[in-house]
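Taking mature numbering (1 follows the signal peptide of the UniProt record, and there is no 0), I'd label the letters of the sequence shown as residues -26 to -1, 1 to 138.
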Amino acid sequence: MIPKKVMLKIGIITLLLSVIPSQMQAQNAFLSSGHTAVGSGGSANYSIGQIIQEKTTGTNGSAIQGIQFTFTNATLSIVDVQTNVEVSTYPNPTTSVLNIKAGDFKTNSFMYSLYDITGKQVKAGMVSDKTTQINVNNLPNATYILKVKNNKDHSTKTFKIIKN
């Protein structure tokens, strides 16, 4: 005959071995946020902070349940910024010479940089007169970005330049 203590230990071990694996399969989620959205076409529930669990497909569509959504708080626009760069460019599009006209010209107060579409600087210099000419004849036909910077307050004005 098996003593009661041994039977009790066997019973506890059997119970633990049957309960522990089922607990390992349980799904736990510590969610940071969630919401229910309702509209004329239906409703959707979502939770933020849960990893992918299951994909369900039906005749009316499909849903991936438990996708983790990343919340990004980013500024998409800013209020119109006042610049102290009173500058204009012409002609645009241009073929050979681009003129930069500085409205409030003072010697060494403005500098320009011309960039190709990949961000590589192709020309740079000082705005040396009320109207400064940039020779773009040797540049390939493309779209360029011209940045004119006010050296006093570091404000910048940007132009999209088309070279034909």
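C-beta atoms are modelled at their ideal positions from N, C-alpha and C, and glycine is treated no differently. Just so you know, these numbers come straight off a predicted model, no measurement behind them.
Legend entry - Beta-bridge partners of residue 136, as assigned by DSSP: 117
Legend entry - Contacting residues, own chain, Cβ-Cβ under 7 Å from residue 113 (five flanking each side not counted): 96 and 137
Inset, instruction - Classify residue 139 as helix, strand or coil using the three-state DSSP reduction. - result: Because the chain is modelled from -26 through 138, residue 139 falls outside the range shown and cannot be assessed.
Inset, instruction - Name the two residues that bound the continuous beta strand (DSSP E) containing residue 109. - result: 105 to 109
Inset, instruction - With a threshold of 16 other CB atoms inside 10 Å of the CB of residue 76, please say whether the residue is buried or exposed. - result: buried
Inset, instruction - Would you kindly work out how many angstroms separate the C-alpha atoms of residue -14 and residue 8, rounded to a whole number? - result: 40 Å
Legend entry - Top-ranked residue by Cα proximity to residue 70, from 131, 111, 133 and 17: 111
Legend entry - Environment of residue -23 [buried if 16+ CB atoms lie within 10 Å]: exposed
Inset, instruction - Go ahead and pull the three-state DSSP assignment for residue 14. - result: coil
Inset, instruction - Pick out whichever of 128, -25, 117 and 11 has its Cα sitting closest to the Cα of residue 89. - result: 117
Inset, instruction - Take residue 107 and list the residues in its own chain whose beta-carbon comes closer than 6 Å to its own, dropping the five residues that flank it on each side. - result: 71 and 73
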